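Q: First residue of the sequence shown? That's 101 in this note's numbering, and the numbers climb one at a time after it. All residues carry an ideal CB built from backbone N, CA and C; glycine is no exception. These numbers were taken from a predicted model, which means no experiment stands behind them. Supplied in structure tokens, the structure appears directly below.
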Amino acid sequence: MAEKKEDSKTKITEGEADLYLDQYNFTTTAAIVSSVDRKIFVLLRDGKLFFGVLRTFDQYANLILQDCVERIYVQENGEYAEEDRGIFMIRGENVVMLGEVDIDKEDEPLKSLKRIPFEEAKKLKQLKEEKRCKEEFATGKELARYGLSHDFHKQDLY
């Protein structure tokens with residue numbers, strides 16, 4: 101006689117399902133779901149760096165940050181600058197990288213740097229970017245002489 105087999109699958113609770121999803125490696129914007137309501141940093145294509153609490157996102161990785169701060173590092177001089185941005189929306193097409201910030205350790209790197217006015221840091225960054233663009237243009241011309249291409253775009257300064 102055939103015995104009736106019991107279903108080996110068991111129901112999981114909602115909390116267990118959340119743990120399962122956190123451990124699963126998503127390759128789409130769904131990977132961002134575990135970072136909602138946490139402090140993150142976002143690096144943009146133009147080299148801007150933002151820190152804030154991720155409140156929501158969509159399928160295009162458009163992000164909404166709360167208590168957002170834009171930070172500029174002037175590494176050559178050991179300086180940095182910050183400016184509050186409040187609630188800030190970032191278009192997903194401009195995001196190069198994002199990651200969670202350890203709120204217990206986030207201020208440690210800043211202790212060794214001197215804070216300067218934001219406008220001053222912005223000018224220093226702009227000068228550095230202009231210098232880099234000139235160097236990249238010269239490199240592109242040199243490579244073109246040999247029939248090679250140089251893949252540099254002015255908007256990609258990260």
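#1: Just list the alpha helix (DSSP H) runs in the segment 140-214, keeping only unbroken ones of 4 residues or longer that don't cross its boundaries, in chain order.
#2: Please report the straight-line C-alpha distance between Gly152 and Glu230, rounded to a whole angstrom.
#3: Applying the criterion that 16 or more other CB atoms from any shown protein chain within 10 Å of the CB defines a buried residue, is Ile187 buried or exposed?
#4: Taking the alpha-carbon positions, what's the Lys225 to Lys111 distance?
#5: How many angstroms separate the CA atom of Leu163 from the CA atom of Thr128?
#6: Compare the Cα-Cα distances from Gly192 to each of Ala161, Asp202, Tyr180 and Leu165 and report the closest residue.
A: Once the coordinates are examined:
#1: 208-211
#2: 28 Å
#3: exposed
#4: 55 Å
#5: 14 Å
#6: Ala161
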